[in-house]
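Below: one structure, written as structure tokens.
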Ligand SMILES: Nc1nc2c(ncn2[C@@H]2O[C@H](COP(=O)(O)OP(=O)(O)O)[C@@H](O)[C@H]2O)c(=O)[nH]1
Ligand SMILES: [Mg+2]
Ligand SMILES: [Zn+2]
Ligand SMILES: [Zn+2]
Ligand SMILES: [Zn+2]
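Encoded structure:
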């Protein structure tokens, strides 16, 4: 389950920012994840809730926004919704983005 | 008590990216070409590495990192060919990452080619850059001829795609040309090789690609 390593990296940074802000509790964590990243959101949530037990991020909600890659034919400019290498026109299709995993915002409770 | 919102701009993948970059810098400084050998369980990854070592013994200095949940068996198979090798146990993890490779990479500064056999799995290793120069993805016809289509991401990002065990295609009713076409339409730039390691099909083509990669080193 490679989601575990993602969850750990995420938790480390969340707890670092929480400490920096003297947070008492983490309520919500906002993420942006590229659609081409091979990650199962349910597994991520499960792993995160397991490893955050006993920390102030326990019970925090993960809010995920998915980001689409740009898939476009380099010859005719046609855009696609799915990964494909060659366009009907014979042109090579370029694929950009869709691979990010960003922590954007944390909602936390402070004194 | 009150609530605040803290903006962050943190790349959750940044640690792996940084260590992959360090691996890549080490390799390039020492003129080593690293090849991430990925693919399904039992597709022939270890045998490919073994046969390549035997074929190029007098020509090229080869090293190998063998990653697996339990890496000892593959390590012993490769080490008995007399090359420098290192097992990497991933334990519960389903993939190698740049950190694991980082721990052993310094032992391989003196080789020409470093093979890194990844955990047999067409999904989990895909998003973990190890710092390699090339990705080779190996599947065999016995996994079914829809295996390429079902795992677009790993094939899209490959430099070489090997369809192995093609001599068994008829017995398992797999259509090799369909697999090749699926691979081509996902990744028109990849080198695609139809292979059978037991019948010596496609192996010369693979060696040719590898020699070519070695010649273009540092360019
Ligand atoms: N029939 C046949 N068997 C093969 C071929 N390549 C590998 N094998 C066998 O497939 C099994 C798995 O090979 P191995 O190299 O361990 O695969 P890995 O799990 O990808 O490292 C072994 O028994 C190999 O001898 C092939 O081209 N044809
Ligand atoms: Mg193996
Ligand atoms: Zn996994
Ligand atoms: Zn087009
Ligand atoms: Zn370490």
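Protein chains in written order, with the numbering used here: chain U, 14 to 124; chain Y, 1442 to 1660.
Each residue gets a CB set at the ideal place from its N, CA and C atoms; glycine is no exception.
With 16 other Cβ atoms within 10 Å as the buried cut-off, status of residue i
{"i": "residue 1656/Y", "result": "exposed"}
{"i": "residue 88/U", "result": "exposed"}
{"i": "residue 1616/Y", "result": "exposed"}
{"i": "residue 1442/Y", "result": "exposed"}
{"i": "residue 105/U", "result": "exposed"}
Identity of the residue in the options nearest residue i by Cα
{"i": "residue 1454/Y", "options": "1486/Y, 1603/Y, 1568/Y and 1604/Y", "result": "1568/Y"}
{"i": "residue 1460/Y", "options": "1521/Y, 1544/Y and 1523/Y", "result": "1544/Y"}
{"i": "residue 121/U", "options": "29/U, 37/U, 60/U and 22/U", "result": "37/U"}
{"i": "residue 1456/Y", "options": "19/U, 33/U, 94/U and 34/U", "result": "19/U"}
{"i": "residue 1449/Y", "options": "60/U, 14/U, 15/U and 41/U", "result": "41/U"}
{"i": "residue 64/U", "options": "75/U, 30/U and 24/U", "result": "24/U"}
{"i": "residue 62/U", "options": "92/U, 73/U, 31/U and 94/U", "result": "73/U"}
{"i": "residue 71/U", "options": "39/U, 17/U, 59/U and 104/U", "result": "39/U"}
{"i": "residue 53/U", "options": "123/U, 109/U, 102/U and 17/U", "result": "17/U"}
{"i": "residue 1604/Y", "options": "1548/Y, 1613/Y, 1474/Y and 1618/Y", "result": "1618/Y"}
{"i": "residue 1541/Y", "options": "1470/Y, 1524/Y and 1506/Y", "result": "1506/Y"}
{"i": "residue 1478/Y", "options": "1577/Y, 1529/Y and 1446/Y", "result": "1577/Y"}
Enclosing alpha helix (DSSP H) for residue i [first to last residue]
{"i": "residue 1549/Y", "result": "Segment: none, residue 1549/Y is in no alpha helix (DSSP H) and carries neither H nor E."}
{"i": "residue 23/U", "result": "16-33"}
{"i": "residue 1422/Y", "result": "As displayed, chain Y neither begins before 1442 nor continues past 1660, which places residue 1422/Y out of reach and without an answer."}
{"i": "residue 1648/Y", "result": "1644-1656"}
{"i": "residue 1581/Y", "result": "Element bounds for residue 1581/Y: not the alpha helix (DSSP H) but the beta strand (DSSP E), 1575-1581."}
{"i": "residue 1556/Y", "result": "Element bounds for residue 1556/Y: not the alpha helix (DSSP H) but the beta strand (DSSP E), 1554-1558."}
{"i": "residue 1486/Y", "result": "1486-1497"}
Cβ neighbours of residue i in the same chain (closer than 6 Å, five flanking residues each side left out)
{"i": "residue 1624/Y", "result": "1589, 1596, 1602 and 1633"}
{"i": "residue 1593/Y", "result": "1627"}
Own chain, CB closer than 7 Å to residue i, minus 5 neighbours either side, in chain order
{"i": "residue 45/U", "result": "78, 80, 113, 115 and 117"}
{"i": "residue 123/U", "result": "34, 35, 36 and 37"}
{"i": "residue 2/U", "result": "Residue 2/U is absent from the model: chain U starts at 14 and stops at 124."}
{"i": "residue 1613/Y", "result": "1582 and 1583"}
{"i": "residue 1586/Y", "result": "1615, 1616, 1619 and 1620"}
Cut-off 8 Å between Cβ atoms - residues of its own chain near residue i, not counting five sequence neighbours on either side
{"i": "residue 1481/Y", "result": "1561, 1562, 1563, 1579, 1580, 1581, 1584 and 1588"}
{"i": "residue 1516/Y", "result": "1507, 1526, 1527 and 1528"}
First through last residue of the beta strand (DSSP E) which encompasses residue i
{"i": "residue 75/U", "result": "74-80"}
{"i": "residue 123/U", "result": "114-123"}
{"i": "residue 1620/Y", "result": "No beta strand (DSSP E) holds residue 1620/Y; the alpha helix (DSSP H) holding it covers 1617-1627."}
{"i": "residue 1528/Y", "result": "1525-1530"}
{"i": "residue 61/U", "result": "It is not in any beta strand (DSSP E) - residue 61/U instead sits in the alpha helix (DSSP H) that spans 54-64."}
{"i": "residue 41/U", "result": "36-47"}
{"i": "residue 1632/Y", "result": "1632-1635"}
{"i": "residue 1444/Y", "result": "1443-1452"}
{"i": "residue 1607/Y", "result": "Premise fails: residue 1607/Y is in no beta strand (DSSP E) and is neither H nor E."}
{"i": "residue 1509/Y", "result": "1503-1509"}
{"i": "residue 1482/Y", "result": "Run containing residue 1482/Y: none; DSSP gives neither H nor E here."}
Item to complete: Decide yes or no for the touch test of the segment 1642-1651 of chain Y against the segment 1493-1508 of chain Y: beta carbon pairs closer than 8 Å, at least 3 of them.
Response: yes
Practice prompt. Would you be able to state if there are at least three C-beta pairs under 8 Å between the segment 1547-1559 of chain Y and the segment 1523-1539 of chain Y?
Written response: yes
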